[in-house]
Amino acid sequence: MPSESLRWETLQALKNSPKAKITFDPFWSERGEHILAGCKEALSLSPQSVAVLERLSSLSLQKSSFVDSSSRDSSPVFSEETPASLSSTGSITDLNRRHAALSATSSLKNQLDQAVNDKAEDETPENDLSKVSSPTSPRAISLLSPRAMETTGCIIRFKEDQREKAKLALRLRQETQEQMVVAVASAESEQLKRFEELMELKQRQEFQSMRDMMDRETKESMGRQEKLKEEQRHRLKILNLRLREAEQQRLREAELERQRQTEGRERLRNLNSIQEEILQLNQLLEPSTPSGTDLPPASLSSYSVRGNQLCSQVSEVVRKTAEGEFPSVEDMSVAERALHEMRALIQQMQEEVAKAQEKKKKEQEEEEECRKKEELQAQQEAQKAAEKSAKEKVQRKGLQNSAEDGTLKWFKELQESASQCAQAFEQLNSPADSQTKKLKLELQKAATIPVSQISSNSGSQLREIFDKIDKLLSGRAVVSGGRSVSTSQHPQGLDFVGYKLAEKFVKQGEEEVASHHEAAFPIAVVASGIWELHPRVGDLILAHLHKKCPYAVPHYPPMKDGTPVEEYQRILGYRVDDGGVEGQDSFLKRMSGMIRLYAAVIQLRWPYGSKQGPVPHGLNHGWRWLAQMLNMEPLADITATLLFDFLEVCGNALMKQYQVQFWKLILLLKDEYFPRIEAVTASGQMGSVIRLKQFLETSLQSRQISPPKGQLSSTFWRS
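Read in my numbering, the sequence shown has 507 at position 477, and its numbers run on one by one without any break.
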C-alpha cells in the first residue's frame with residue numbers, strides 16, 4: 031500500500047537522520063566535552079525525507095479538519111495541503127491513508143522543530159535539564175492507523191525513557207561530581223591546614239633561632255658591660271683608696287693637732303685644779319683656821335709657811351700660761367710635786383691630830399665597852415629567863431621549842447655545802463690581777479641582771495631569761511653588757527655563778543616579793559626550772575633562804591652563851607648595821623617576801639622542762655613545813671605573819687593535793703594552835719593575828735581556799 035510504503039520510508043528517513051544517531055558516552059566529562067555534544071551538529075534531512083516530501087506535495091493536500099490552528103500557524107505549507115487531500119478523498123480508507131501521510135509529515139516537521147530546539151538548547155546548556163523534562167507536544171492532531179499510532183507512541187516512549195535515563199545519569203553524575211568536589215575541597219582544606227601548620231612551625235623555629243641569637247648577643251653584650259663595670263669599679267676602688275689614704279692622713283694630722291690641743295687644755299685644767307686644791311689645803315694650814323685639835327701654835331705656823339711656799343711655786347707656773355700658751359710637761363711636774371708635798375704636809379698634820387684624838391677616843395671606847403657589857407649581861411639574864419619559861423611551857427603543854435633533829439641536820443648540811451662553795455671560789459673574791467677581777471664582775475652581772483629583769487609582763491620574756499641563765503650554768507657563752515662571758519673562762523666560775531645566782535633569787539624574794547606579792551610567781555617558776563636542771567643551785571637557794579630566814583626551815587635559833595646581842599639578832603634574820611637594828615615592820619616585811627617566794631617555788635614547775643617525775647622540791651616539803659610549824663611553840667608576831675603568807679600563797683595547792691588531811695590540819699590550827707598565838711602576842715601586835723584568824727574562818731566556812739593573786743595562767747605563757 032502506498033501509505034505503508036510511505037510510512038516505512040519515513041521511518042527510514044528518521045533512522046538515517048542525526049537525531050537517530052545520538053549516542054551517550056559515559057567518558058564525556060573526562061575528555062572535557064558537553065553531555066549533549068552529539069546533538070550539537072547541524073540538522074539535515076536524508077535523501078529519503080526529500081522523496082517523502084515530494085510525494086506528499088504531489089498529493090495536493092489542501093485542507094484537513096484534523097489539523098489544529100497551532101499546526102497551521104507553525105507550518106503553513108502543510109496546513110494548506112492537508113485540507114485539499116482530505117477533501118479529495120471519498121472513502122474512509124483514503125482518509126486514513128491521507129491522515130497517515132499527514133501524520134508522518136507532521137511528525138517529520140515536529141522532529142525538525144525539535145532538532146532546532148535541541149540545537150538552541152545545546153547553545154544554552156544551563157537550560158538543558160529543564161527543557162528535557164518538558165518535551166514539546168505535537169502541534170497537530172493526526173488521525174493515523176492503529177499501527178502508526180503504536181509506532182509513534184513507541185518512538186515517543188523511547189525518547190521519554192532516554193530522556194529520563196539521561197536525566198538520571200546526569201543527576202547521578204552531578205551528585206558524584208559534587209561529592210568529588212566536596213572530597214577534593216576537604217582534602218585541599220586539610221592540606222592547606224597542614225601547610226599553614228608547617229609554615230607556622232617554620233616561623234616559630236626561625237623566631238626561636240632569632241631569639242636565641244639575640245639572647246646570645248645580649249649575654250655577650252652584658253658580659254662585656256660587666257667587664258667594663260668591673261674595670262670601672264676597680265679603678266674607682268683604687269681612686270677611693272687613694273682618696274681615703276689622703277683623707278686619713280689629713281685626719282691623722284688633724285687628730286694629732288686636736289690631741290695636742292686637748293692634752294694642752296687638759297694640762298691647763300689639771301694645773302688649775304692643782305692650784306685650787308693647793309689653795310684649799312693651804313687654808314687648812316692657816317693658824318687662824320679652827321681645826322678642833324690641841325696642836326701647839328708653833329707647829330701649825332711651820333706648816334703654814336711651807337704651804338705658802340708651795341702655793342707660790344704653783345702660781346709661778348700659772349703665770350707662764352697667762353699669755354694663751356698651754357703648760358708643758360715640766361710645768362705640770364713642778365705643780366704635781368708641789369701638790370704631793372702639800373698633801374704630805376696635810377697628812378702629817380692630820381696624823382698628829384689623829385694621835386691627839388685617839389687618846390680621847392680610847393677613853394670614850396673604854397666607857398662605852400663597860401656600858402655594853404652591863405647591857406649584855408642584862409639581856410643574857412632576860413634570855414635565860416625566857417628559855418627557862420619556854421622549857422616550862424613545853425613540859426606543860428607538850429610543844430617543842432626547836433626544830434626536829436632531822437630538820438636541823440638537813441639545815442646544817444645545806445649551810446656547810448654553801449660554805450664549801452664560797453670557799454671554792456675564794457680566788458675570785460680576792461683576784462690577783464685585773465683580768466680576773468674584770469671576769470668576776472662580768473660573771474656576777476651575767477648571773478644577777480637576768481634575775482633582776484624577771485617580771486610578770488610576758489611569758490616569752492620569761493623564757494628568754496630562763497634560757498640565758500641555763501646557758502650560763504651549762505658553761506656556754508652568753509652576752510652580758512655587750513660582751514661574751516662564760517663560766518668556762520675560770521675554774522671556779524661555775525661555783526661563783528651558782529652561788530651568786532642563788533643569792534640573787536633569795537634577795538629578790540627579800541626585796542621585790544616583799545613589796546609586790548604578785549612577783550613571787552614569775553621569780554619562783556624560773557627558780558624552780560633552774561632547780562630542776564641544776565640541783566646544785568637549788569641547794570644553794572635553800573641555804574641562802576635558811577640563812578636569811580631561818581623560819582623557812584622552820585627553825586628558831588636559840589641564843590648561845592657568849593653570843594653578842596647584835597650577832598644573835600643577825601642569826602634571827604634582822605639587819606644590823608652602824609645605825610642599829612632594823613625595825614620590826616621592815617623585818618616582818620622581808621620575812622614575808624621570802625616565805626611567799628618559798629611557798630610559790632614548792633607548788634610551781636617550769637612548763638617547758640623535759641624531765642619527768644616529781645619536782646625536786648615540791649608540795650611535800652610545804653606539808654612538812656606547815657606540820658613542823660604547828661609542832662613548835664609560836665613566837666609573837668612572826669609566827670602569825672608567816673602562817674598567813676604561806677597559806678595565802680600555797681593553801682589552794684595543798685588543799686587540792688591533800689584534801690581531807692589538809693582540812694584537818696587547818697581545823698587543828700584554828701582550834702588548838704591559834705589560841706597559843708594569841709597568848710604570846712601583845713595587844714599592839716595583833717594585826718597579823720587578826721588577818722590569820724579571818725583567813726582561817728573564811729576558809730573553813732566555805733571549805734575553799736581561793737587561788738593566789740598573780741598566779742601564772744595559760745594565757746600568760748602565750749604572751
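C-beta: ideal position from N, C-alpha, C; glycine also.
For the beta strand (DSSP E) holding residue 509, just list the boundary residues, first then last.
508–510
What residue does the beta strand (DSSP E) around residue 514 start on, and which one ends it?
513–515
Using three-state DSSP, classify residue 716 as helix, strand or coil.
coil
9 Å Cβ cutoff, residue 258 in contact with chain D:
Looking for chain D here will not work: only one protein chain is present.
Can you name, in chain order, every residue of its own chain whose Cβ lies under 8 Å from the Cβ of residue 725, other than the five neighbours on each side?
Residues of the same chain with a CB within less than 8 Å of the CB of residue 725, apart from the 5 flanking positions on each side, are 674, 677, 678 in chain order.
Return the CA-CA distance between residue 692 and residue 665, expressed in angstroms with no decimal places.
23 Å
Ignoring anything shorter than 4 residues, give me the alpha helix (DSSP H) runs that lie fully in the stretch 444–470, in order along the chain.
DSSP runs (the alpha helix (DSSP H)) wholly in the stretch 444–470: 456–459.
Compute the Euclidean distance between the alpha carbons of residue 348 and residue 303, then round it to the nearest angstrom.
11 Å
Which residue from 593, 623, 595, 591 puts its Cα closest to that of residue 13?
In the structure as shown, the chain starts at 31 and stops at 749, and residue 13 therefore has no counterpart that could be examined.
Once the 5 residues before and after residue 821 are set aside, which same chain residues still bring their CB inside 8 Å of it?
The structure shown has nothing for residue 821, since the chain only spans 31 to 749.
Which complete alpha helix (DSSP H) runs does the stretch 486–554 hold, if anything under 4 residues is left out?
489–503, 523–538
Extent of the continuous alpha helix (DSSP H) run through residue 564
Per DSSP, residue 564 belongs to no alpha helix (DSSP H) and is neither H nor E.
Starting from residue 606, follow its DSSP beta bridges and name the residues at the other end.
Under DSSP, residue 606 shares a beta bridge with 611.
Touch check for the stretch 506–521 and the stretch 583–595: three-plus C-beta pairs under 8 Å?
Here the stretch 506–521 does not lie against the stretch 583–595, with fewer than 3 beta-carbon pairs under 8 Å apart.
So the alpha helix (DSSP H) residue 681 belongs to, where does it begin and stop?
668–688
For residue 416, count neighbouring C-beta atoms within 10 Å of its own C-beta (all shown protein chains included) and say buried if the count is 16 or more, exposed if not.
Legend: pLDDT at residue 416 = 48, less than 50; position of this residue unreliable, no value from coordinates given.
Exposed unless 16 or more other CB atoms sit within 10 angstroms - verdict on residue 404:
exposed
Residue 182, DSSP secondary structure in three states:
helix
Within 10 angstroms of its Cβ, does residue 170 collect 16 or more other Cβ (buried), or is it exposed?
Any reading at residue 170 must be qualified, since the residue scores a pLDDT of 43, below 50, and its modelled position is unreliable; no value is offered.
Distance check for residue 192 and residue 40, CA to CA, integer angstroms please.
21 Å
Going by DSSP in three states, residue 635 sits in which element: helix, strand or coil?
Three-state DSSP puts residue 635 in coil, outside helix and strand.
By alpha-carbon positions, which one of 178, 575, 60 ends up nearest to residue 621?
575
Cutting at 7 Å between CB atoms, please list the residues of its own chain near residue 502, excluding the five before and the five after it.
476, 477, 508, 517, 527
Quick one: Cα of residue 615 to Cα of residue 464, how far?
42 Å
Should residue 375 be labelled buried (16 or more other beta-carbon atoms within 10 Å of its own) or exposed?
buried
Which whole-angstrom value is the C-beta distance of residue 625 and residue 672, which I expect to be below 8 Å?
About 5 Å; that satisfies the 8 Å criterion.
For residue 484, which three-state DSSP category applies?
coil
Cα separation between residue 256 and residue 235?
31 Å
Look at the alpha carbon of residue 178 and the alpha carbon of residue 204, and state the distance between them as a whole number of angstroms.
38 Å
What is the rounded straight-line gap between the Cα of residue 312 and the Cα of residue 532?
52 Å
At the level of alpha carbons, what is the spacing between residue 437 and residue 660?
14 Å
Within a Cβ cutoff of 7 Å, which residues of the same chain sit near residue 578, ignoring the five residues on either side of it in sequence?
536, 540, 603, 624
Measuring straight from C-alpha to C-alpha, what distance separates residue 292 and residue 271?
30 Å
Where residue 206 sits in the DSSP three-state scheme:
helix
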